[in-house]
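Notes follow once the structure below has been shown.
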Amino acid sequence: MPKIQRKKTKRKTKKKLVIVESPSKAKTIEKYLGSRYKVMASLGHIRDLPKSTMGVDVENDYAPHYISIRGKGDIIKELRKEAKKADSVYLAADPDREGEAIAWHLSYLLGLDTDDKNRVVFNEITKDAVKNAFKTPRTIDMNLVDAQQARRILDRLVGYSISPLLWSKIKKGLSAGRVQSIALNLIIKREKEIREFKPEEYWTIDSQFKAGRSKFDASFYGYKGKKMALHNNDDVVKIMQKLEQDKPFKITRVERKERKRFPALPFTTSTMQQVANNALRFRTQKTMMVAQQLYEGINIGKGGVVGLITYMRTDSTRISSLAKHETASFIHESYGAEYAAIKPRKGKLAEGAQDAHEAIRPSSVLRTPDSLKDYLNKDQLKLYTLIWSRFVASQMTPAISDTMSVNIEQNEVLYRAKGSKMKFPGFTKVYAESKKKDNELPELKQDDEVLMVKNQPNQHFTLPPARYSEATLIKTLEENGVGRPSTYAPTLATIQKRYYVKLVSRKFEPTELGEIVNEMIEKCFPDILNVDFTAQLEDHLDEIEEGKQKWVKVVDSFYQPFSKEVVAADAKLAKVRIKDEPAGINCDVCGAPLVIKLGRYGKFYACSRFPDCHNTKPIIKEIGVTCPICHKGEVVERKSKKNRIFYGCSRYPDCDFVSWDKPVGRDCPKCNHYLIEKKTKKGKQVKCSNCDYEEEIQK
Numbered sequence: 003m004p005k006i007q008r009k010k011t012k013r014k015t016k017k018k019l020v021i022v023e024s025p026s027k028a029k030t031i032e033k034y035l036g037s038r039y040k041v042m043a044s045l046g047h048i049r050d051l052p053k054s055t056m057g058v059d060v061e062n063d064y065a066p067h068y069i070s071i072r073g074k075g076d077i078i079k080e081l082r083k084e085a086k087k088a089d090s091v092y093l094a095a096d097p098d099r100e101g102e103a104i105a106w107h108l109s110y111l112l113g114l115d116t117d118d119k120n121r122v123v124f125n126e127i128t129k130d131a132v133k134n135a136f137k138t139p140r141t142i143d144m145n146l147v148d149a150q151q152a153r154r155i156l157d158r159l160v161g162y163s164i165s166p167l168l169w170s171k172i173k174k175g176l177s178a179g180r181v182q183s184i185a186l187n188l189i190i191k192r193e194k195e196i197r198e199f200k201p202e203e204y205w206t207i208d209s210q211f212k213a214g215r216s217k218f219d220a221s222f223y224g225y226k227g228k229k230m231a232l233h234n235n236d237d238v239v240k241i242m243q244k245l246e247q248d249k250p251f252k253i254t255r256v257e258r259k260e261r262k263r264f265p266a267l268p269f270t271t272s273t274m275q276q277v278a279n280n281a282l283r284f285r286t287q288k289t290m291m292v293a294q295q296l297y298e299g300i301n302i303g304k305g306g307v308v309g310l311i312t313y314m315r316t317d318s319t320r321i322s323s324l325a326k327h328e329t330a331s332f333i334h335e336s337y338g339a340e341y342a343a344i345k346p347r348k349g350k351l352a353e354g355a356q357d358a359h360e361a362i363r364p365s366s367v368l369r370t371p372d373s374l375k376d377y378l379n380k381d382q383l384k385l386y387t388l389i390w391s392r393f394v395a396s397q398m399t400p401a402i403s404d405t406m407s408v409n410i411e412q413n414e415v416l417y418r419a420k421g422s423k424m425k426f427p428g429f430t431k432v433y434a435e436s437k438k439k440d441n442e443l444p445e446l447k448q449d450d451e452v453l454m455v456k457n458q459p460n461q462h463f464t465l466p467p468a469r470y471s472e473a474t475l476i477k478t479l480e481e482n483g484v485g486r487p488s489t490y491a492p493t494l495a496t497i498q499k500r501y502y503v504k505l506v507s508r509k510f511e512p513t514e515l516g517e518i519v520n521e522m523i524e525k526c527f528p529d530i531l532n533v534d535f536t537a538q539l540e541d542h543l544d545e546i547e548e549g550k551q552k553w554v555k556v557v558d559s560f561y562q563p564f565s566k567e568v569v570a571a572d573a574k575l576a577k578v579r580i581k582d583e584p585a586g587i588n589c590d591v592c593g594a595p596l597v598i599k600l601g602r603y604g605k606f607y608a609c610s611r612f613p614d615c616h617n618t619k620p621i622i623k624e625i626g627v628t629c630p631i632c633h634k635g636e637v638v639e640r641k642s643k644k645n646r647i648f649y650g651c652s653r654y655p656d657c658d659f660v661s662w663d664k665p666v667g668r669d670c671p672k673c674n675h676y677l678i679e680k681k682t683k684k685g686k687q688v689k690c691s692n693c694d695y696e697e698e699i700q701k
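Here this note's numbering = 1-based position in the sequence shown + 2.
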């Protein structure tokens with residue numbers, strides 16, 4: 003009988019499963035690892051404490067009761083299915099406490115052995131970094147997991163102990179937390195300083211002098227060789243009386259110096275948030291969202307999908323030697339050897355900083371912003387340019403200026419002029435921190451005579467301290483050691499979401515509700531608002547991460563005295579009644595008087611007959627401008643769900659006019675579209691909503 007030839011079947015090779023947090027990160031990594039790997043996303047945390055209860059057993063060493071997050075059932079099911087089929091499973095969540103905790107929760111749900119070397123971490127999502135990371139997987143770092151657990155449990159103990167008090171004593175829907183309570187307290191303390199501030203009068207005398215054909219500016223400095231403050235008009239008059247109008251002034255001192263200005267260090271999370279807020283006008287959450295996109299990967303054409311920056315949650319300014327060498331070569335080739343710093347400036351590690359990751363930098367300095375402008379959207383390009391230029395500048399030589407200080411005297415009245423001229427641009431070739439122009443003085447020598455052309459006294463009053471912006475509040479929290487890089491954006495979002503504060507002209511103002519909540523916490527929980535106490539707690543969390551402390555001991559040392567404060571507060575606090583204000587108008591449903599109530603998103607009109615009448619209306623503020631679209635309704639000020647002010651037509655929904663910028667009630671002389679008012683650092687500017695027409699800034 004002839005032999006029957008059997009068809010050979012190829013045995014299917016099992017794939018290796020890699021789990022990350024986000025789908026975009028999964029796509030980038032799968033491309034680098036190739037067909038033997040399947041990369042899936044957990045979409046962030048998959049297990050957490052329950053929302054409905056405390057979820058912490060305070061009687062049993064603060065054991066957390068974790069449950070699968072609602073809505074993640076299908077994801078968990080799919081991950082379990084793929085994990086069973088896989089040859090091996092790798093956990094590649096972000097390289098921080100949260101990422102380590104996600105890996106640990108995944109390990110539990112998928113039934114993985116915690117002793118397996120299946121944890122993979124990388125600081126940048128580039129082909130080399132990812133492939134190298136998979137060569138050296140490690141076990142899950144339980145110290146990092148414990149530090150994350152301790153923070154989560156502490157925040158849960160504070161939130162779920164104080165929040166019910168706020169609900170019973172003030173109103174439902176309120177919350178409190180360790181870092182958010184301090185942020186709110188700082189804003190309210192600053193507001194009190196502003197309210198109590200008493201302005202003081204002072205004067206300056208700004209002058210202009212002439213040397214030959216050149217004119218230059220100077221200011222009054224002092225009398226008889228000493229600096230003198232001008233407190234009032236009488237002081238000014240006394241000085242002016244000592245001057246002889248047609249008599250020349252004498253140059254009594256000329257001091258020339260060379261001044262070096264060193265570049266700023268590369269970005270940490272908080273400095274990136276601050277500079278993006280000031281320079282790009284990005285909100286903190288937006289900065290972190292765009293940075294996440296740049297980190298996880300962007301399709302750059304022939305180069306495919308690549309992570310453009312290193313990990314964006316860091317408090318270190320450290321840079322890898324590989325990145326330093328690549329940047330030094332780039333600076334030599336692009337700008338010249340004289341621009342490359344031989345020993346770039348090193349920053350001191352801030353107290354409490356982790357130094358777990360490098361500074362935020364481009365994954366390759368060769369990917370210049372210009373080379374990427376066709377692949378990035380507007381916001382991505384702005385932030386990438388900021389990160390790239392700040393990093394490159396940090397590896398460059400200082401800017402050198404020639405400075406000149408001149409004393410000008412007549413009858414012992416002293417004026418002073420200061421000037422500077424750029425000698426060598428250094429790092430400013432790439433990253434100019436300010437747009438200040440050089441104030442160049444003419445060539446002057448001691449004993450030269452100059453004539454006064456103009457002498458202008460100006461009255462001023464001291465100003466109160468400025469309200470916090472997102473940038474300055476983050477800086478203050480960081481300086482006080484409160485919170486960590488990952489906490490700032492959600493903290494600022496929470497205090498606005500709860501309507502404890504509102505942003506007015508990009509500055510935080512506390513609301514009435516915020517002041518009531520702060521007063522209660524101030525009275526009953528002083529440790530929560532004690533900056534030193536909270537900073538010390540952050541240090542303890544860091545010690546857990548380093549294996550120097552046990553997390554249960556840290557939590558217990560906080561909770562024992564805190565729980566007694568909660569019991570005492572419940573007993574001594576009276577219910578706060580937020581009084582309704584008469585609105586002065588009647589309900590258009592039942593005719594009863596309307597009142598102004600304070601709700602979760604601010605004040606609103608409600609019927610005084612509630613609950614018999616449920617009629618409510620938003621409080622609408624007219625700005626005295628007719629709608630530029632329908633010409634029938636009035637433009638009114640409204641608020642978005644995120645409490646941001648915008649402008650719309652009072653006839654909505656019949657007229658759908660809407661604008662983030664305030665219309666001024668005039669049409670553009672160039673194109674006849676409506677004009678809007680924009681706020682700049684120098685004042686208010688009127689611009690066209692359609693073309694490039696703009697008017698001079700009104701200070």
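Cβ coordinates follow ideal geometry from the N, Cα and C atoms, glycine included.
These numbers come from a predicted model, not from an experiment.
Close Cβ partners of residue i (< 7 Å) along its chain, the five nearest in sequence each way excluded
i	result
residue 325	363
Per-residue burial, residue i [other beta carbons within 10 Å of its own, 16 or more giving buried]
i	result
residue 455	exposed
residue 233	exposed
residue 655	exposed
residue 578	exposed
residue 314	buried
residue 565	exposed
residue 356	Confidence in residue 356 is poor, its pLDDT being 45 and thus under 50, which makes the residue's placement unreliable; the coordinate value appears in the next sentence. Counting Cβ neighbours within 10 Å, residue 356 comes out buried, since at least 16 surround it.
residue 199	exposed
residue 334	exposed
residue 30	buried
residue 146	buried
residue 152	buried
residue 563	exposed
residue 26	buried
residue 154	buried
residue 432	buried
residue 16	exposed
Close Cβ partners of residue i (< 6 Å) along its chain, the five nearest in sequence each way excluded
i	result
residue 667	627
residue 330	342
residue 353	Low per-residue confidence applies at residue 353: pLDDT is 47, beneath 50, and the placement is therefore not dependable enough to give any value.
residue 164	178
residue 730	Outside the displayed range of the chain (3 to 701) lies residue 730, so it cannot be described from this structure.
Whole-angstrom C-beta distance between residue j and residue i, which should lie under 8 Å
i	j	result
residue 584	residue 606	That pair is no contact at about 14 Å.
residue 160	residue 175	Contact flag wrong, Cβ pair sits at about 17 Å.
residue 68	residue 51	7 Å
residue 663	residue 679	6 Å
residue 446	residue 253	5 Å
residue 705	residue 507	Given a span of 3 to 701 for the chain in the structure shown, any question on residue 705 remains unanswerable.
residue 138	residue 118	Going by Cβ atoms, the distance from residue 138 to residue 118 rounds to 14 Å, so no, they are not a contact pair.
Cβ shell of residue i (< 8 Å), same chain only, five flanking positions each side left out
i	result
residue 615	589, 591, 592, 594 and 609
residue 277	269, 388, 392 and 473
residue 365	126, 127, 128, 131, 308, 309, 310, 311 and 312
ask   = Quick one: any contact between the segment 420-429 and the segment 203-212, if contact means 3 or more CB pairs under 8 Å?
value = no
(message) Under 8 Å: do the segment 261-275 and the segment 384-396 share three or more Cβ pairs, one atom per stretch?
(response) yes
> Going along the chain, which unbroken runs of the beta strand (DSSP E) with 3 or more residues stay wholly within the segment 511-537?
Replying inline: none
* Asked: Okay, do the segment 34-41 and the segment 100-117 touch, 3+ Cβ pairs below 8 Å being the bar?
  -> no
Between the segment 210-227 and the segment 408-419, can you find at least three pairs of beta-carbon atoms closer than 8 Å?
yes
Exercise for the section: Any chance you could list the alpha helix (DSSP H) runs of at least 4 consecutive residues sitting entirely within the segment 437-504, in chain order? Expected result: 472-481 and 490-499
Segment contact flag, the segment 180-192 with the segment 531-538, C-beta cutoff 8 Å, min 3 pairs
yes
The segment 120-130 in contact with the segment 71-88 per 3-pair CB rule at 8 Å: no
Check your understanding: Contact between the segment 292-308 and the segment 334-348: three or more CB pairs below 8 Å?
Key -> no
4 or more residues per run - each alpha helix (DSSP H) lying fully within the segment 49-102:
75-87
Check: What residue ranges within the segment 146-215 form continuous alpha helix (DSSP H) runs of no fewer than 4 residues, ordered along the chain?
Finding: 180-198
Those runs of the beta strand (DSSP E) which lie wholly inside the segment 558-600 and span at least 3 residues:
583-588
At 4 residues or longer, what runs of the alpha helix (DSSP H) sit wholly inside the segment 263-346? 271-277, 286-298 and 323-336
Whole runs of the alpha helix (DSSP H) within the segment 661-698, excluding any shorter than 4 residues = none
Touch check for the segment 371-386 and the segment 454-470: three-plus C-beta pairs under 8 Å? no
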